[in-house]
Amino acid sequence: MRDFGMTRLAENLMHNDTLTYLDLSCNRITRDGINELSKVLEKNTAIEVLDLGYNRLEDDGAIHIANALASLNTNLKTLVVTSNNIGSKGLCALADAMKTNTTLTNIYIWGNKLEEPAAIAFANLIDNGRLSKENTDVQAYVVDGATKLCELSHQISRHTYFAPSYGDDVPSWQPRGKNPRGSDVVVMKNLTVY
1 MRDFGMTRLA ENLMHNDTLT YLDLSCNRIT RDGINELSKV LEKNTAIEVL DLGYNRLEDD
61 GAIHIANALA SLNTNLKTLV VTSNNIGSKG LCALADAMKT NTTLTNIYIW GNKLEEPAAI
121 AFANLIDNGR LSKENTDVQA YVVDGATKLC ELSHQISRHT YFAPSYGDDV PSWQPRGKNP
181 RGSDVVVMKN LTVY
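Numbering (our numbering), first residue to last: 1 to 194.
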């Protein structure tokens, strides 16, 4: 989806009172499309989780979102803006919005331009208790006198696939486990790829 599609979607979201999770990740939405979405957020819709990861928001798009969150929105709890080419100006605006918007508890920013001003802003949010380490994907460290952000994994699987394995209905010629005729194989296995 590009900005035109985002504009059409935003027009329809103005009347939303049921949609709580909006995943717009991996599109080509820029600051112009996000400007339209920020108008929706200002209307304080039912949206609680907004995933905008892997778009093209940049600083201006982040500032549009921050302005909407700082002033009127009291429903959004989670914001994902990973990998959007957002610099310090936009990230600092989002950090400032979190100071006034107490409903927003989760924010994910990794993959942007995490320069020192942004690192300091998010370090202050974490140090002041406004942002919990469990509710973000970054952690601040001081290295050689400069504040830096690193990614926190929280042991989250990046990609999880479910692959069927053989159960009891395997033909007798198919070997499996210690007891070839027994049922010592799980029907579904969780495979994690990092």
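Cβ coordinates follow ideal geometry from the N, Cα and C atoms, glycine included.
Please name the residue, chosen from the options, that lies closest to residue i on a Cα-to-Cα basis.
{"i": "Asp137", "options": "Thr78, Gly87, Tyr108", "result": "Tyr108"}
{"i": "Leu91", "options": "Asp32, Leu114, Thr105, Leu76", "result": "Leu114"}
{"i": "Lys89", "options": "Leu79, Ala46, Asp96, Asp59", "result": "Asp59"}
{"i": "Leu76", "options": "Cys26, Arg2, Thr102", "result": "Thr102"}
{"i": "Asp23", "options": "Arg31, Arg130, Met6, Trp110", "result": "Met6"}
{"i": "Pro117", "options": "Cys26, Thr74, Val142, Thr100", "result": "Val142"}
{"i": "Thr45", "options": "Leu131, Glu151, Leu19", "result": "Leu19"}
{"i": "Glu48", "options": "Ala123, Leu104, Leu125", "result": "Leu104"}
{"i": "Thr74", "options": "Leu41, Asn128, Trp110, Ala93", "result": "Leu41"}
{"i": "Lys43", "options": "Ile65, Ser25, Tyr54", "result": "Ile65"}
{"i": "Val80", "options": "Asn106, Arg8, Lys99, Ala93", "result": "Asn106"}
{"i": "Tyr21", "options": "Thr78, Trp110, Asn55", "result": "Thr78"}
{"i": "Asn55", "options": "Lys39, Asp32, Ser25", "result": "Ser25"}
{"i": "Thr100", "options": "Leu131, Arg31, Arg2, Lys39", "result": "Leu131"}
Since residue i and residue j should fall inside the 8 Å C-beta cutoff, what is the C-beta to C-beta distance between them, to a whole number of angstroms?
{"i": "Leu57", "j": "Ile34", "result": "6 Å"}
{"i": "Ala62", "j": "Ile86", "result": "5 Å"}
{"i": "Asn112", "j": "Asn84", "result": "6 Å"}
{"i": "Ala10", "j": "Leu37", "result": "5 Å"}
{"i": "Lys133", "j": "Leu152", "result": "7 Å"}
{"i": "Ala121", "j": "Ala146", "result": "Actually they are not in contact, since the Cβ atoms of Ala121 and Ala146 sit about 14 Å apart, beyond 8 Å."}
{"i": "Ala123", "j": "Ala140", "result": "3 Å"}
In the DSSP output, what is residue i paired with across the bridge?
{"i": "Asn26", "result": "Looking at the sequence provided, one finds Cys at residue 26 rather than Asn. Paired residues: none, contrary to the question."}
{"i": "Cys92", "result": "Paired residues: none, contrary to the question."}
{"i": "Leu13", "result": "Answer is none; Leu13 lacks a bridge partner."}
{"i": "Val80", "result": "Asp51, Tyr108"}
{"i": "Glu58", "result": "Glu58 pairs with nothing; no bridge assigned."}
{"i": "Lys151", "result": "Here residue 151 is Glu; the residue named in the question, Lys, does not match the sequence. Its beta-bridge partners are Val138."}
Next on the checklist: Could you tell me which whole beta strand (DSSP E) segments of length 3 or greater appear in the segment 113-148?
Outcome noted: 138-143
Checklist entry - When the Cβ atoms of the segment 13-24 are set against those of the segment 57-72, are three or more pairs found closer than 8 Å? => result no
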